[in-house]
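Each residue of the sequence shown is one higher than the one before, counting from 91 in this note's numbering. The beta-carbon is built from N, C-alpha and C at its ideal position, and this holds for glycine as well.
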Amino acid sequence: MTTDDNLNIPAGWVGGFAASEPEFAYPDPDLSCLEICDNLDHIDLLQRQQKVIWPEFSWATRQEKPDEKRCYQMFAPDISRIGYTDTGRVYSIICPQQGMTSPSLGSMNVEVTVTGQRGWVDETTRTLAADMSVEGKIWFSPSAKQKPKVKQLWDRFANSKLPFPSDKANAIRVRTHLPGDRNQVLFPLKTGESNSFPIPDFARHPEAWTVGNLSVQIGEIFPTGNIIVDKFNQLILDIFNTASGNMLKFGNILTWNVWFTPPELVDTQEWKDHAEVWRKSINADHGSPEGEGSDPRYYDGTVFKPARDLFDRIRGRGLDEEFISDEEQLAQEELAKIDNFLNNVEI
């Protein structure tokens, strides 16, 4: 972490909230006496913030080989923030969005949406503790809707008046929970890096002010109440997972180290506008206002290739570069699944 004492941190820090209850203390902060707030409930109370310029995600692309086949990817910078009062009470946490590409379906957006939070920040000790609940959301970007197969699917859904995940409002929603406890939707944000797996140097940012870590286990898709839509959403989630290395695969654990910049003052109108700017940008082919994130990589820096990974698993052996460099085979796999859906489900 940076040790520069001339970071132009704004005056006004009071502190004290982290020490207001003995159970808030480390090593196991208990925040249960605090109410769970929606991210938009108390925006007008926010006074200070720390931005996450480096949201570093990690997950096992194969659950049977959690370290050997572990991916590391930095999501787009400056989507995540933690907002709090000058005493240190947390009232809002914004989480990341990212894009991925399927050979047959084009670009899709994924967002980790915060559904509730509570916690504290202590600027003096550069520590924090929070509880959060989130859900994963997936929807098609505008360019994906130009793909012939996506257009065919969208037209079929439009004619039937059934919802299609063409925007965030109709996104595929994926449940999450505390790792190992499907009945607990809250999970902790704690100071420091995760110690659950080895972390490569390219996923570390010593220039950061401080770092926190979170881990969440992926659950089922939220049912829509329509069996056709639910089957379709599961199909798209399966294709998404093939293209993303099983990021949101049922049972997988998604972990991220969030590297914070020094404290700043909050402009509450800018805070409200920030999410809207990101929503519009992310809808425009998952563009990022502050720049793009990184490609998913293994620990040794090798870029994750969905086609290689898929066919390596299917055949039990590696493939030659000429074969896997062209993603046509992967696209055919995806298109076959979609055609099977269209041929066997009456929309």
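- The three-state reading of DSSP puts E201 in strand, counting E and B together.
- DSSP, read as helix, strand or coil, puts Q153 in coil.
- Buried is the label assigned to E201, since at least 16 other Cβ atoms lie within 10 Å of its Cβ.
- Closest by C-alpha distance to D212, out of F322, A298 and T281, is T281.
- Taking every protein chain shown into account, the CB of K362 has fewer than 16 other CB atoms within 10 angstroms, so this residue is exposed.
- In summary, M91 is exposed, with fewer than 16 beta-carbon neighbours lying within 10 Å of its beta-carbon over all protein chains present.
- Our two residues, S305 and L130, have alpha carbons roughly 23 Å apart in a direct line.
- In this structure, the CA atom of G105 is about 8 Å from the CA atom of T214.
- Secondary structure within the region 178-261: the alpha helix (DSSP H) runs of 4 or more consecutive residues, fully enclosed, are 238-250 (chain order).
- Closest in C-alpha terms to T175, from the list W103, I228 and T151, comes W103.
- Cβ contact annotation for H132 (same chain, cutoff 6 Å, sequence separation greater than five): Y181, in chain order.
- Considering only H295, W346, I311 and R160, the residue with the shortest C-alpha distance to E146 is W346.
- According to the DSSP assignment, N433 belongs to no beta strand (DSSP E) but to the alpha helix (DSSP H) extending over E418 to N434.
- V240 is the residue among P232, P288, V240 and C123 whose C-alpha sits nearest the C-alpha of K427.
- The C-alpha of P352 lies about 26 Å from the C-alpha of P112.
- Secondary structure of N336 (DSSP, three-state): coil.
- Between V142 and P100, the gap from beta carbon to beta carbon reaches 9 Å or more.
- For V306, the uninterrupted beta strand (DSSP E) run begins and ends at T300 to I311, by DSSP.
- P278 and Q422 have their C-alpha atoms roughly 41 Å apart.
- Linking R208 to L420 through their CA atoms gives a straight-line distance of about 42 Å.
- Taking the CA atoms as reference points, S194 sits about 15 Å from F322.
- Contact fails between the region 308-317 and the region 289-300, because fewer than three Cβ pairs, one in each stretch, are under 8 Å apart.
- In this structure, DSSP gives V319 a helical state, which the three-state scheme calls helix.
- Counting other Cβ atoms within 10 Å of its Cβ, C161 reaches 16 or more and is therefore classed as buried.
- Sorting P119, M198, R265 and F107 by C-alpha distance to the C-alpha of K339 places R265 at the top.
- Across the set A150, C127 and P232, the C-alpha of A150 shows the shortest separation from the C-alpha of G335.
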